[in-house]
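Asker:
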Amino acid sequence: MSSTSTASVPGSGPAAIRCRIGARGVSRSFGPVRANVDVTLSVRPGTVHAVVGENGAGKSTLMRILYGLDQPDSGHVVIDDEEIALTSPRAAIARRIGLVQQELAIIPELSLLENLVLGEEPVRFGRIDWATALRRAEELSASVGVDIDWKAGAALTSIAIQQQVEILRLVYRGADVLILDEPTAVLAPAQAEELLRLLSSLRDAGRTVIFISHKLDEVVGVADHITVLRSGRTITEIARGEIDREGLAALIVGDSEVAERSVSRGDPGETVLVVEGVSAKDDRAVLRLDDVSFEVRSGEILGVAAVAGNGQEELAEVLIGIRGAASGDIRLDGASIGRASIRKRRLAGLGYVSADRKHEGLALGLSLADNSIATPALHGLARGGWLGPRRVAERVKEVLDRAAVRYGSSSDPASSLSGGNQQRVVLGRETIGNPRVLVASQPTRGVDVRGIGYIHELLRRARDEGAAIVLFSEELDELRELSDRIVVLHRGQVAGMLPGEASRSEIGALMLGNHSPEDDNPDADVPDDPTPGHPRSPRGGETV
Amino acid sequence: MIDAIIASALTLSVPLVLAALGGAIHRRAGVVNIGLEAHMLTGALFGAVVSGATGNWALGALAGLFAGAVTGGLMSLLITRLKGNEIIVGLGFNIVVFGVIGYVLRAGFGVSGTLQIEGLERLPRLDIPGVADVPVLGALISGKDPLFWLCIVLVPVLAWLLKNSRWGVRLRATGASETASSSLGLRTLDIRDGAGIIAGALAALGGVALSLGTVGLFNENMTAGRGYVALAAFYFGRSRPLPTALACVLFGFFDALQIRLQTVGGFSADIISTLPYIAVVVVLALTGIREYSRSARKLS
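Sequence order for the protein chains is W and S. Take 0 as the starting number for the first sequence in numbering that gives the first Met the number 0 and just add one per residue. Take 0 as the starting number for the second sequence in numbering that gives the first Met the number 0 and just add one per residue.
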């Protein structure tokens, strides 16, 4: 571990304090998953400190521990150089620590001003003193150089403004340490720049900022110090200027990681799924899919790559039939299914792994057994309308075994499983009848590293058994690892079709609507949503 | 005849306005109060009994208000602390209160259905000299009882409090997003209980307006679904005090019209008496259409 010995501390923290907030030897496990292993973090007062690492590296767990939302199994949180037990967010707030989670606590029905002062409203003669509240709000926004229309209704403002208000609310309530969990993930590039300026202003005003980010450019540009986590462990701490983004990327991934990636391609057979000139609108009647055509063959995985909001969600929904196509047709083994009901499509051999596992993929309150057989393709279980308990039990075991689900009893509710295991139930169910086509939308979202491996294995197996798979993923590396071909969508149109071996920069260029790669940077940053104020994904634009 | 219908419509609106304002407050705190009917019935009984016992309408009204606050508070506790489903708890209250009151009438007063009380004092009518005989205006403001004037005061006061008081802002925040509000340290359960007590108290006053208003007796069916009509009113008024009250006046108007038409004759009385309820269905349908076009407009 390389620790920097900066002599002077910027800002105005009490002179003696070296570590305003941090962790000493913190470990935390969730079942078999070791989220944090002997993690050490030391954030100097009046600095911006970035915490970086891959998905599942333990960053969010660490932030939750620092805010008292979770407690370490061993080790301590350090505040003002003192080891303390932070038992609740209340205790953290009392020590002037504030957390901005990805899920903002902004109440859309209230104005921004009401949101700011809620809970600590200035009152005069029993009436809320709106003049004073507005004056304080404007002082606050002016002090950090942002422009906010405080009287606007929160619902009508962009997510970037809402986030600024949430940050300023912490300051209004006296927070001196601000922890931000991937604050720029949901922002368009210009909005992200403004947020980073806001963080710098807060630092210059003497506050301490910790933020998680996957966007290495902004980390290298803004953070005074960077702590790298990998597989739950602290790898190193680096001071500003000591590293560039390529070096940081190497540290985050680790040396061995790239070589370990196992790439296997399919052995495509006959064409199964044909999508012909499909157009579709979203719930707001905005055209999201514009004349999209492609084919998928048996035993092939077709990856779909796109920046969030470019039509991939609508495409998945149109394929399974949740969303109607405005025009065009879809054919499965030659038969038109473009106007067929979801039930008919499923009976024709279409499987579907929803991106919304908790609501569309599973009925969380029902048992694993019920969830395992809940598809019309498995109605062969019924004889004369009656389900035979033995046949059902056999099928349930088959589904759960196929997907190697770790479970106690098949009568346990689906909600009792971890996210990764839940997803395996879905995949087991959707692949067991040898579907002709499998539409898999974000199958590894929110799944830890080990779980991802199982899910990839299940997808490959379904491919090898002859399914034509359409795979939607925000992780470019996942697409490159699994896909035989990759279709790139941009503004609802097919921007190009690439082989699975395509480089990140080739794919990235098409995702941005460029037809030739601009540079050879292998980690070409993928800018965010081209339709500002309409972010779809909390994880868009990942670079590592 | 216009004057008579206006006067009658306003009088019939009073119980609805009180109950609907209570329901609207509760709704703004995030709870749909199905139990307004129960609170109204409780208020009507206690108002009548205490007014009869004391010969004082004001004490009767206070007793009704207090009884409604108790049933409203109890109902809220079941929802907030025991995590009861608000719809089921509300329906349950309506059924239980109806049953208990029927039992009390028989066991305590030896009557079934209707309770006539000796010495009961009805709500006084406040005639305004000089205005009483002016067409329309007289019907609008003269000869009204104190609860009518309470409604006139409550509508702007509640609107102001919702906007400008701590209580109002926190109530709205709680109703809009309980998780966000509690993460900011608001006592959301207490806020909801407070709103439930207010809803019960106001709805009970609406019940008092029924039993001590025009008739001066208690009948176990006297609310006649007005708690549900009030529900429709604050739904139509999107839980804002003035639109909610105006919706109640609309329903009151149809109620008055219905009574009038019955005396005219020529139609089946049974069909005419359904008029106010048909108005509710029509208004709710219009509300649905309005919401739909509103959301379509917002999106386009």
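Note that CB positions come from ideal geometry on N, CA and C, so glycine has one too. Quantities reported herein were computed from a predicted structural model and do not represent experimental measurements.
If distances are taken between C-alpha atoms only, which option among W:Arg423, W:Asp476, W:Ile336 and W:Ser409 comes closest to Glu456 of chain W?
Answerer: Glu456 of chain W has its Cα closest to that of W:Arg423, out of W:Arg423, W:Asp476, W:Ile336 and W:Ser409.
Asker: List the residues of chain S that Leu109 of chain W touches, going by C-beta distances under 8 Å, in chain order.
Answerer: Under the 8 Å cutoff, chain S gives Val168, Arg171, Ala172 and Ala175.
Asker: My guess is that Val395 of chain W and Ala368 of chain W are in contact by the Cβ rule of under 8 Å, so how many angstroms apart are they, rounded?
Answerer: Yes, Val395 of chain W and Ala368 of chain W are in contact; Cβ-Cβ is about 4 Å, under 8 Å.
Asker: Hey, is the segment 201-214 of chain S in contact with the segment 63-74 of chain S, meaning 3+ C-beta pairs nearer than 8 Å?
Answerer: Segments in contact, yes.
Asker: Would you mind giving the Cβ-Cβ distance between Ile468 of chain W and Ile300 of chain W, rounded to the nearest angstrom? I have them listed as a contact below 8 Å.
Answerer: That belief holds up - the Cβ atoms of Ile468 of chain W and Ile300 of chain W are roughly 4 Å apart, short of 8 Å.
Asker: Beta-carbon within less than 6 Å of Arg239 of chain W's beta-carbon, same chain only, minus the 5 sequence neighbours each way: which residues are those?
Answerer: Asp223, listed in sequence order.
Asker: Only counting runs of 4 or more residues, tell me where the alpha helix (DSSP H) segments fall wholly within the segment 193-266 of chain S, in order along the chain.
Answerer: Complete alpha helix (DSSP H) runs here, min 4: 225-235 and 240-263.
Asker: Taking contact to mean 3 or more Cβ pairs, one atom from each stretch, closer than 8 Å, check whether the segment 278-285 of chain W and the segment 474-489 of chain W are in contact.
Answerer: Judged by Cβ distances under 8 Å, the segment 278-285 of chain W makes no contact with the segment 474-489 of chain W, as fewer than three pairs qualify.
Asker: Which partner residues does Met496 of chain W have in the DSSP bridge list?
Answerer: Met496 of chain W is bridged to W:Val486.
Asker: Considering only the beta carbon of each residue, do Ala52 of chain S and Gly107 of chain S sit closer than 9 Å?
Answerer: Result no, Cβ atoms of Ala52 of chain S and Gly107 of chain S do not sit closer than 9 Å.
Asker: Quick one: does Ala19 of chain S have its CB under 9 Å from some CB of chain W?
Answerer: No, its Cβ sits nowhere closer than 9 Å to a Cβ of chain W.
Asker: What would DSSP say about Thr233 of chain W, mapped onto helix, strand or coil?
Answerer: Residue state, collapsed to three classes: strand.
Asker: Assign Phe293 of chain W to one of three DSSP states: helix, strand, or coil.
Answerer: Residue state, collapsed to three classes: strand.
Asker: Is there at least one Cβ from chain W nearer than 9 Å to Leu185 of chain S's Cβ?
Answerer: Interface residue, yes.
Asker: Using DSSP with H/G/I as helix, E/B as strand and the rest coil, what is Trp159 of chain S?
Answerer: Trp159 of chain S: helix per DSSP, three-state reduction.
Asker: Is Pro609 of chain W near Ile211 of chain W, with beta carbons less than 9 Å apart?
Answerer: A query on residue 609 of chain W cannot be resolved here, the shown segment of chain W reaching from 0 to 543 and no further.
Asker: Under 8 Å Cβ to Cβ from Thr546 of chain W, same chain only, skipping five residues before and after it: list those, please.
Answerer: What is shown of chain W runs 0 to 543, which leaves residue 546 of chain W out entirely.
Asker: Name, going along the chain, the residues of the segment 116-149 of chain W whose beta-carbon falls closer than 9 Å to a beta-carbon of chain S.
Answerer: Answer in chain order: Val116, Leu117, Gly118, Glu119, Glu120, Val122, Gly125, Arg126, Ile127 and Trp129.
Asker: Once DSSP output is grouped into helix, strand and coil, what is the label at Leu17 of chain S?
Answerer: In the structure shown, Leu17 of chain S sits in a helix (DSSP, three-state: H, G or I).
Asker: Would DSSP call Lys214 of chain W helix, strand or coil?
Answerer: DSSP places Lys214 of chain W in coil when its eight states are reduced to three.
Asker: Going by the CB atoms, is the gap between Ala248 of chain W and Ser472 of chain W shorter than 9 Å?
Answerer: Against a cut-off of 9 Å, the Cβ pair of Ala248 of chain W and Ser472 of chain W comes out as no contact.
Asker: Quick one: does Ser292 of chain S have its CB under 9 Å from some CB of chain W?
Answerer: No - not a single Cβ of chain W is within 9 Å of the one on Ser292 of chain S.
Asker: Answer with yes or no whether the minimum CB distance from Asn163 of chain S to chain B is below 9 Å.
Answerer: The structure shown contains no chain B; its protein chains are W and S.
Asker: Show which residues of chain W have a CB atom less than 7 Å away from the CB atom of Ser182 of chain S.
Answerer: Near Ser182 of chain S (Cβ distances below 7 Å), the residues of chain W are Ala104.
Asker: Does any residue of chain W bring its CB to less than 9 Å from the CB of Thr10 of chain S?
Answerer: It does not: the Cβ of Thr10 of chain S has no partner Cβ on chain W nearer than 9 Å.
Asker: Buried or exposed: Phe233 of chain S, going by 16 or more other Cβ atoms within 10 Å of its Cβ?
Answerer: It is buried - the Cβ of Phe233 of chain S has at least 16 other Cβ atoms within 10 Å.
Asker: So is Arg168 of chain W in contact with chain S if we call contact Cβ pairs under 9 Å?
Answerer: Yes, contact with chain S.
Asker: Pull out every residue of the segment 229-263 of chain S whose Cβ sits closer than 7 Å to any Cβ of chain W, in chain order.
Answerer: Answer in chain order: no residues at all.
Asker: Interface residues of chain S around Glu113 of chain W at Cβ under 9 Å?
Answerer: The answer, in chain order, is Val168, Arg171 and Ala172.
Asker: Counting contacts by CB-CB distance shorter than 9 Å, is Thr178 of chain S in contact with chain W?
Answerer: So yes, Thr178 of chain S belongs to the interface.
Asker: Do Ala19 of chain S and Gly236 of chain S come within 9 Å of each other at the CB atom, strictly closer than that value?
Answerer: Contact: yes.
Asker: Examine chain S for any beta-carbon lying closer than 9 Å to the beta-carbon of Pro182 of chain W, and answer yes or no.
Answerer: Cβ-Cβ to chain S under 9 Å: no for Pro182 of chain W.
Asker: Can you give me the start and stop residues for the beta strand (DSSP E) that Tyr351 of chain W sits inside?
Answerer: First-last of the beta strand (DSSP E) with Tyr351 of chain W: Leu349 to Val352.
Asker: Excluding the five sequence neighbours on either side, which residues of its own chain have a C-beta within less than 8 Å of the C-beta of Arg490 of chain W, listed in chain order?
Answerer: Taken in chain order, the residues that qualify are Asp289, Asn309, Gly310, Gly512 and Pro529.
Asker: Note down, in chain order, each residue of its chain lying with its Cβ closer than 7 Å to the Cβ of Pro360 of chain W, except the 5 sequence neighbours on either side.
Answerer: Note on residue identity: the sequence assigns Gly, not Pro, to residue 360 of chain W. These residues qualify, in order along the chain: Val352, Ser353 and Val425.
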